Structure formats: C-alpha cells, structure tokens
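*Asks:* First, the structure itself, so that you have it in front of you.
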Amino acid sequence: MQLKSLSLFNYKNIEEKSFNFDAKINCFVGKNGQGKTNILDAIYNLAYGKSYFNPLAVQNIRHGEDFFVIDGIFEKNEREEQIVCSLKKGQKKILKRNNKPYERFSDHIGFIPLVIISPSDQDLIIDGSETRRKFMDSVISLLDPIYLQQIINYQKIVQQRNALLKYFFVNRTFDNETLEIYNDQLIELGQNIHQKRIEFIKQFEPIFNKYHAKITDQAEQVQIKYESQLFENDLKDLFQQNLAKDRAVQYTTVGVHKDDLAFEIHNHPIKKFGSQGQQKSFLIALKLAQFDFIKKQSGVAPILLFDDIFDKLDANRVAKIVEMVNDQTFGQLFISDTHADRTEEIVKQTLQSYKIFNI
Numbered sequence: 145m146q147l148k149s150l151s152l153f154n155y156k157n158i159e160e161k162s163f164n165f166d167a168k169i170n171c172f173v174g175k176n177g178q179g180k181t182n183i184l185d186a187i188y189n190l191a192y193g194k195s196y197f198n199p200l201a202v203q204n205i206r207h208g209e210d211f212f213v214i215d216g217i218f219e220k221n222e223r224e225e226q227i228v229c230s231l232k233k234g235q236k237k238i239l240k241r242n243n244k245p246y247e248r249f250s251d252h253i254g255f256i257p258l259v260i261i262s263p264s265d266q267d268l269i270i271d272g273s274e275t276r277r278k279f280m281d282s283v284i285s286l287l288d289p290i291y292l293q294q295i296i297n298y299q300k301i302v303q304q305r306n307a308l309l310k311y312f313f314v315n316r317t318f319d320n321e322t323l324e325i326y327n328d329q330l331i332e333l334g335q336n337i338h339q340k341r342i343e344f345i346k347q348f349e350p351i352f353n354k355y356h357a358k359i360t361d362q363a364e365q366v367q368i369k370y371e372s373q374l375f376e377n378d379l380k381d382l383f384q385q386n387l388a389k390d391r392a393v394q395y396t397t398v399g400v401h402k403d404d405l406a407f408e409i410h411n412h413p414i415k416k417f418g419s420q421g422q423q424k425s426f427l428i429a430l431k432l433a434q435f436d437f438i439k440k441q442s443g444v445a446p447i448l449l450f451d452d453i454f455d456k457l458d459a460n461r462v463a464k465i466v467e468m469v470n471d472q473t474f475g476q477l478f479i480s481d482t483h484a485d486r487t488e489e490i491v492k493q494t495l496q497s498y499k500i501f502n503i
C-alpha cells in the first residue's frame with residue numbers, strides 16, 4: 145500500500161498544493177501553523193472519508209471559499225487507485241474511487257488501511273468512554289465490514305428507541321409491544337457486537353503489551369480492560385431492570401453503546417496515576433499495536449502518519465521507533481516536524497529512501 149501523489153484545493157489553510165511521494169518516508173517540515181498537520185489530515189480523509197481533527201466537514205473548507213477537493217493516487221496490489229474526497233457548501237460530501245462515487249462511505253472503510261499517531265490522541269485518555277469505544281470500533285471495522293454495518297444499525301435503532309421513549313414521556317403514554325420490537329433488535333445486534341469486542345481485545349492486548357515493553361524497556365506494567373454491562377447481565381434483563389429509568393430520562397441507559405476501555409498502569413487508571421511521559425508511551429504503543437493488528441489481519445502494512453511526534457518524544461523513544469523502521473516493521477511513513485535538521489538526522493538513521501517537503 146502506497147500513496148504516490150496528493151493534490152489539495154482549498155483544504156483548511158491550503159489554497160493549492162501537489163506532492164509526489166517517496167515509497168518509504170516522507171517528511172513535512174516547517175514552522176507551526178503552516179499546514180503540515182493539515183496535509184496529514186487530508187491523507188487521513190482519503191482513507192476514512194472524514195477529518196481526524198475536525199468532524200464538521202464544512203469547517204475544513206478554506207476560509208473564504210465554498211469547496212475543497214482532496215485527490216490522491218494510491219498503489220494497491222500493483223494497481224493504481226484514485227481516491228477523491230470533495231465537499232461544496234450546501235451539498236453532501238462526495239467520495240469517489242476511480243471516478244465512481246460511493247453510495248455509502250462505509251463501503252470505502254478498510255480499502256486504504258491507515259493509522260495516525262498524533263498529540264490529539266491524548267483525547268483517548270482524558271475524554272469519556274465514547275472516544276475509546278470509537279477507537280475500538282474503528283480498528284475492528286477496518287477489517288470487518290459486517291461489524292461496521294452492525295454498529296451503524298445498532299446506533300440507528302438506539303436513536304429510534306430514544307425517540308419512542310421521548311414520545312411516551314411527552315404524550316404520557318406507553319406501549320410495551322412497540323418498545324419490545326426495538327429491544328429485540330438491539331439484543332441481537334448487541335450480543336454480536338459484544339462478542340466481537342471480546343475477541344478483539346483478546347488478540348489486541350498482547351500486541352499492545354509487546355510494543356509498550358519495547359518502547360519503555362519494560363519499565364511499567366500496563367493493561368487494557370474491556371468494560372461492559374453485558375458481563376454482568378444479558379441485554380434483555382438490563383432493559384427490564386432499567387425500564388423505569390429509561391422512561392424517566394427519555395433515552396436508552398444500557399447497552400453496548402455504554403461500553404468502555406479501561407487504560408491502566410500498575411492496576412490504576414493511567415488518566416489519574418500516569419505521568420505525561422507514561423501516558424505518551426501508552427498512547428504510542430496503542431497506535432503501534434493498531435498498526436500491527438491491521439497488518440497481521442489484512443496482510444497489508446497500513447500507511448502510517450506521525451503528526452508532530454518527534455517533538456513529543458525523548459531521544460530513547462525516537463531511537464526505538466527508528467529501530468522499527470530499520471527492521472521493516474513499517475511500510476510507507478509520513479512525518480511532520482518543526483525542525484528540518486532534526487528530522488533529516490532521524491530519517492537518515494533508517495537507511496531508507498526519503499523525501500523532505502518544506503512547508
């Protein structure tokens with residue numbers, strides 16, 4: 145998997161830029177605010193059909209303009225694939241593969257395997273359960289389109305059930321038979337989702353532990369634990385037990401949409417008990433494990449984006465990552481950094497081909 149070229153029009157602060165990339169390492173260097181991260185985000189957009197940093201697509205249009213276009217040429221399985229993502233104000237976003245628009249963006253997920261490592265990943269530790277749940281779901285969905293559709297369907301039915309609960313409350317009425325229709329659908333989907341998440345964590349955690357041990361020289365004991373209400377009761381019982389509460393608050397309070405991942409260091413929450421350095425090591429190991437998991441499951445090395453990462457790491461951790469490049473762990477890399485000299489010194493150590501773009 146390789147991104148050969150990229151063209152941007154009116155994406156964030158970039159009016160128009162085009163790039164031809166090296167097959168191995170590509171570095172964007174320059175002062176803060178010049179658009180280095182925006183270029184990485186554009187690449188991410190071609191893989192996932194959305195921005196990593198700003199989910200409101202219209203806000204990614206350059207100020208004063210009314211559209212953006214991102215155009216990338218990839219090489220996959222010895223074939224060129226053109227992916228274009230575009231948006232015009234007042235219209236729906238369009239995602240095309242070889243000039244054919246996708247009817248559903250979800251059909252594109254997994255075609256361009258890609259992992260981003262960014263300072264923004266700190267949200268995985270400090271935000272609520274939804275952020276960690278989305279991370280877990282995104283990794284599974286990249287390899288399992290059935291799971292992705294199950295997640296989409298589950299969320300739609302939760303919204304419908306919530307609307308029904310609100311209707312009951314506003315109109316001071318209740319119809320258990322109608323509610324049971326939604327319950328039965330959520331029970332079937334929820335059990336499947338729950339089981340796939342169990343299987344994922346079982347496979348994922350050893351990979352995560354391997355990378356964390358490598359980055360930190362086994363300095364700390366860390367854990368990822370899957371937390372779910374379904375470990376205590378099945379979903380049918382949970383709906384019955386929480387019916388009065390759901391009716392009172394007018395939304396669905398139980399189910400796999402409440403699941404979480406507990407990130408721990410020495411059996412304590414890393415959010416409260418981990419230093420900044422320990423949290424950084426945890427997050428980098430998490431993302432490298434995501435990369436490795438996708439690579440093993442799909443047989444394709446994902447494109448890897450390092451956003452401003454060397455500015456956040458000490459020399460020892462940088463050396464560990466360079467070591468992984470040398471042993472062919474990674475495929476194509478894209479790196480952003482504020483210091484051109486530092487970046488070039490680091491990439492030279494990899495003994496791989498590279499290009500540096502001054503932004």
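For the sequence shown, counting from 1, position 218 maps to 362 in our numbering; every step adds exactly one. Here a beta-carbon is modelled for each residue, glycine too, at the ideal position from N, C-alpha and C. Note that this is a predicted model, so its numbers are computed, not measured.
Since A406 sits in a beta bridge, which residues does DSSP pair it with?
*Replies:* K369
*Asks:* Are the beta-carbon atoms of V173 and A484 separated by less than 8 Å?
*Replies:* Inclusion of V173 and A484 in the CB contact set at 8 Å is warranted, their separation being smaller than that value.
*Asks:* Can you give the Cα-Cα distance for H412 and S149, rounded to whole angstroms?
*Replies:* 45 Å
*Asks:* Locate the beta strand (DSSP E) running through Q146, then write down its first and last residues.
*Replies:* Q146 to Y155
*Asks:* Have a look at V366 and H410 and give me their C-alpha separation to the nearest angstrom.
*Replies:* Straight-line measurement puts the Cα of H410 at about 6 Å from the Cα of V366.
*Asks:* Counting beta carbon pairs with one atom in the segment 285 to 292 and one in the segment 312 to 332, are three or more of them shorter than 8 Å?
*Replies:* no
*Asks:* Please state if the CB of K236 and the CB of V228 are separated by a distance shorter than 8 Å.
*Replies:* No, the Cβ-Cβ distance between V228 and K236 is not below 8 Å.
*Asks:* With distances taken between CB atoms, is the gap from N170 to K499 smaller than 8 Å?
*Replies:* yes
*Asks:* When DSSP labels each residue in this structure, what does I578 get in the three-state scheme?
*Replies:* What is shown of the chain runs 145 to 503, which leaves residue 578 out entirely.
*Asks:* Please go through the same chain and pick out, in chain order, the residues whose beta-carbon is closer than 8 Å to the beta-carbon of V283, but skip the five residues on each side of it.
*Replies:* F344, F348, Q434, F437 and I438
*Asks:* In terms of alpha-carbon separation, which member of T482, N460, S497 and I490 lies closest to G475?
*Replies:* S497
*Asks:* Which runs of the beta strand (DSSP E), 3 residues or longer, sit entirely within the segment 311 to 389?
*Replies:* 366 to 371
*Asks:* Could you tell me whether the Cβ atoms of L268 and N297 are closer together than 8 Å?
*Replies:* no
*Asks:* State whether the segment 355 to 372 contacts the segment 300 to 319, with contact taken as three or more CB pairs (one from each stretch) at a distance under 8 Å.
*Replies:* no
*Asks:* Excluding the 5 residues preceding and the 5 following S163 in the sequence, name in chain order all residues of the same chain whose CB lies nearer than 7 Å to its CB.
*Replies:* Note that residue 163 corresponds to Phe in the displayed sequence, not to Ser. Around F163: S149, L150 and F501.
*Asks:* In terms of alpha-carbon separation, which member of I428, V259, G193 and A388 lies closest to Y355?
*Replies:* I428
*Asks:* Grouping DSSP H, G and I as helix and E and B as strand, with all else coil, what is N198?
*Replies:* coil
*Asks:* Quick one: grab the DSSP three-state call for Y246.
*Replies:* coil
*Asks:* For the alpha helix (DSSP H) containing I187, list its first residue and its last residue.
*Replies:* K180 to Y192
*Asks:* Quick check: the segment 442 to 453 against the segment 367 to 385, are there 3 or more CB pairs under 8 Å?
*Replies:* Output reads no: the segment 367 to 385 does not touch the segment 442 to 453.
*Asks:* Can you list, in chain order, the residues of its chain whose CB lies under 6 Å from that of K389, leaving out five sequence neighbours each side?
*Replies:* Cβ contact annotation for K389 (same chain, cutoff 6 Å, sequence separation greater than five): T397, in chain order.
*Asks:* Taking the straight line between their C-alpha atoms, what separation do you get for Q335 and Y192?
*Replies:* Q335 and Y192: Cα-Cα distance of roughly 26 Å.
*Asks:* Does DSSP put P289 in a helix, a strand or coil?
*Replies:* helix
*Asks:* Does the distance from the C-beta atom of I337 to that of V400 stay below 8 Å?
*Replies:* yes
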